[in-house]
Structures are given as structure tokens and as C-alpha cells.
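Data first, discussion second: the structure below is written as C-alpha cells.
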Amino acid sequence: MNRIRRHNQRKNGVLPGRVVLLSAVVMFHCVRAQVISDADRPETWFHLIGGNVSKAGLVADLEAVKAAGIGGIQFFHGRGGRWEGVSR
Numbered sequence: 004m005n006r007i008r009r010h011n012q013r014k015n016g017v018l019p020g021r022v023v024l025l026s027a028v029v030m031f032h033c034v035r036a037q038v039i040s041d042a043d044r045p046e047t048w049f050h051l052i053g054g055n056v057s058k059a060g061l062v063a064d065l066e067a068v069k070a071a072g073i074g075g076i077q078f079f080h081g082r083g084g085r086w087e088g089v090s091r
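Heads up, the sequence shown is in the working numbering, so the first residue is 4 and it goes up one at a time.
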């Protein structure tokens, strides 16, 4: 009977320690998975066609891109005429 108690005490002392260790490892990896480096963020294309862009509109678009977590932009400036209704 005494031998069974010692075995259960050892077993009960080790199992909670393993659970705590496993929980700590899982939490560490979950936190690391939430942190995205700048090099791993997506990039997008950004087309400016002719003079069809205003300074205020461009600033607003770039701020929205940054707020969305986009890591970079490939600018493309196409030639062409100015569209009606677009102010500088």
C-alpha cells in the first residue's frame, strides 16, 4: 500500500509540471505567430495613371494601405491624359 502511494505521489507531481511546461510552450508559439515582421508582410501594386491623382487622395490612399498592414508598394505611373473631374 505504501509503495502505491509513493508511485501516485511521483506521478501526480510530474504530470502537473508537464502540463505547465506544455502550456508555456504553446503560449510562446502563439505569441510568436502573432508578430509579423516587415519582410513577411504582403506587398501590392499601386497605379498612378497620367495626372489622375490628387495629393489629398494619394495621402489618404497611402495611409489606408499602411493601416491595413501592407508591407510595401510597387508604384506604376502610366502615361495618359488627365481624367475629367480630378483636381490636383
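From the three backbone atoms N, C-alpha and C, an ideal C-beta is built for every residue, glycine too.
Beyond the five residues adjoining it in sequence on each side, P45 comes within less than 7 Å, by CB distance, of I73, G74 in the same chain, given in chain order.
In the DSSP assignment, G81 falls within the unbroken beta strand (DSSP E) covering 75 to 81. The beta carbon of H50 sits closer than 6 Å to those of F79, all from its chain and outside the five residues before and after it, given in chain order. When secondary structure is reduced to three states using DSSP, E66 falls in the helix class. H32 is bridged by DSSP to nothing; it lacks a bridge partner.
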